[in-house]
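Residue numbers (full-length UniProt numbering): 1 to 344. Cβ atoms here follow ideal geometry from the backbone N, Cα and C, with glycine treated the same way. Treat the numbers as computed from the prediction; the structure is a model and nothing was measured.
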Amino acid sequence: MSFSKYANFPFMMAPMVGLSHVGMRQMLRRYLPKGAQTIWPTEMLNSRRLLHQTPGETNETFRAENETDLHPQILGNEERFIANSLERLEAWGIKGIDINMGCPVSKALRHNYGVSLMGDIEYAREVVRMTTRHTNLPVSVKLRAADQGNKDFLLEFVNALVEGGASWVCLHPREAKQKRKGEADWEQIKFLKDNVDIPVIGNGDIHTYQDALRMMSETGCDGVMIGRALTAKPWILWQIGHALGFENPEGLIGPPPQTPEEEAQEYGRALFHFAEETQKYFDEKQAMKRIKFFVIVGHVWLNFGHSLMSKVHKAKNVEAMKETILNFFTASGLKMAERTELRY
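So this is what it looks like as structure tokens:
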């Protein structure tokens, strides 16, 4: 099965709590090459909470008018909650659903969600099966490496997901205990791609567009999911498209930024655009919260980024944040790092 039936541009943003909301998606779409189609996530949605929520009316599910291509990610393991979530989300209008089996944080583990599901192959298979029973849309699964890098277990686990009806999987090849520390073991992505019959998306340690292209080349994966680097360098999507022969994104002229100095200036423009988009969809308090977190995550790629973070956090409202961003990037000597250690 080819992943091209789902996306002609198989490079996508990862679902990230507090980040992959409408503000970031709209900012990222600005850098998507013309004619490119990919998978767009939401923030993680709790299937228990969706029982009492209306998609489109919560902070996690606000969306723009042009967002008819969302592939939400849910936390869940009980059929009645999953069925209800699917009914509500399909009525809202989605293109597919992703099951989180990789989140290692305590909130997800409390109800045996997230990476807890990797502890029980039969149960994980049934979670996928119960999901596919209630939808004809594509069902994907995001997961992590097995404990001790056990490839035999990983293969058995993913084959169970295939039996349950998974359309594709995305592997972040770090163990749960690593969270975002250490190196992602891309060899596990290659192993999985070589041994399963559904598309495999790779995730982990993508800091540059070269990393994304190298992951595809070295592992043979069908697509690449990019996480926190997109908070600092969203133009990675533009750079990938440029390298692959896609047209420039609508409204953007010339080649994408190349030098550390050019990237720093583009970061300023992207950050301002993110603030504007976030301001459109959230109230003042929620917009400020999201802008602050976005800067916390992304500032580590910028020299003097700590100063930027400090100034943004001192701003009293969104308009002051936007003015702070504009003023900060008039300074000379700003540069983006090629890669950094993830701290947040």
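Annotated as distal: D69 and P15, with beta-carbon spacing of 8 Å or more.
Here K5 carries a helix assignment [DSSP, helix/strand/coil]. The continuous beta strand (DSSP E) containing G202 extends over residues 200-203.
Taking 8 Å as the upper bound for CB-CB distance, L155 and N100 are not in contact here, some 20 Å apart. Between P249 and P33, the C-beta gap is smaller than 8 Å, which places the two residues in contact.
By the neighbour-count criterion, in which a residue is buried when 16 or more other Cβ atoms sit within 10 angstroms of its Cβ, S20 is buried. Counting along the chain, no beta strand (DSSP E) covers K95, and no H or E run does either. For S167, no beta strand (DSSP E) run applies, since DSSP gives it neither H nor E. For R144, the secondary structure class from DSSP, reduced to helix, strand or coil, is strand.
In this structure the stretch 2-10 touches the stretch 220-227; the number of beta carbon pairs closer than 8 Å is three or more.
For E247, DSSP records a beta bridge to K34. The C-beta distance from W301 to T340 rounds to 5 Å, short enough to fall under 8 Å. Note on the stretch 264-302: whole alpha helix (DSSP H) runs with a minimum of 4 residues are 284-298, in chain order.
CA-to-CA, the gap between V141 and T330 works out to about 43 Å.
Taking 8 Å as the upper bound for CB-CB distance, F294 and T231 are in contact here, some 6 Å apart.
Excluding the 5 residues flanking it on each side, A337 has same chain C-beta neighbours closer than 6 Å at W301, in chain order. When the five nearest sequence neighbours on each side are left out, the beta carbons in the same chain lying within less than 6 Å of the beta carbon of I325 are those of L271, F272, in order along the chain. Nearest to K95 by C-alpha distance, out of T61, I39, I121, is I39. Taking every protein chain shown into account, the CB of D283 has fewer than 16 other CB atoms within 10 angstroms, so this residue is exposed.
Every unbroken stretch of the alpha helix (DSSP H) spanning 4 or more residues and falling wholly within the stretch 207-260 is given here in chain order: 209-219, 229-232, 236-244. Looking at D205, G165, G182, W186, the one whose alpha-carbon comes closest to that of I198 is G165.
A straight line joining the alpha-carbon of K316 with that of G245 spans about 44 Å. Listed in chain order, the non-local C-beta contacts of K151 below 7 Å within the same chain comprise Q188, F191, local neighbours out to five positions each way being set aside.
About 32 Å separates the CB atoms of Q26 and E183; that is not less than 8 Å, and the two are not in contact.
A distance below 8 Å separates the beta carbons of E163 and R125. Here P255 is exposed: its Cβ has fewer than 16 other Cβ atoms, across all protein chains shown, within 10 Å. Note on geometry: alpha-carbon atoms of L237 and G23 lie some 17 Å from one another. In terms of Cβ geometry, Q37 and N8 form a close pair [threshold 8 Å].
Per DSSP, M12 lies in no alpha helix (DSSP H); the unbroken beta strand (DSSP E) holding it starts and ends at 11-13.
In this structure, the beta-carbon distance from L143 to L171 falls below 8 Å. Look at V196 here: in three-state DSSP terms it is coil, with no helix or strand label. When the Cα atoms are used, A146 and D120 turn out to be separated by approximately 12 Å. By the neighbour-count criterion, in which a residue is buried when 16 or more other Cβ atoms sit within 10 angstroms of its Cβ, H306 is exposed.
DSSP places Q53 outside both helix and strand once states are collapsed to three, so it counts as coil. Per DSSP, reduced to three states, the secondary structure at I39 is coil, with no helix or strand assignment.
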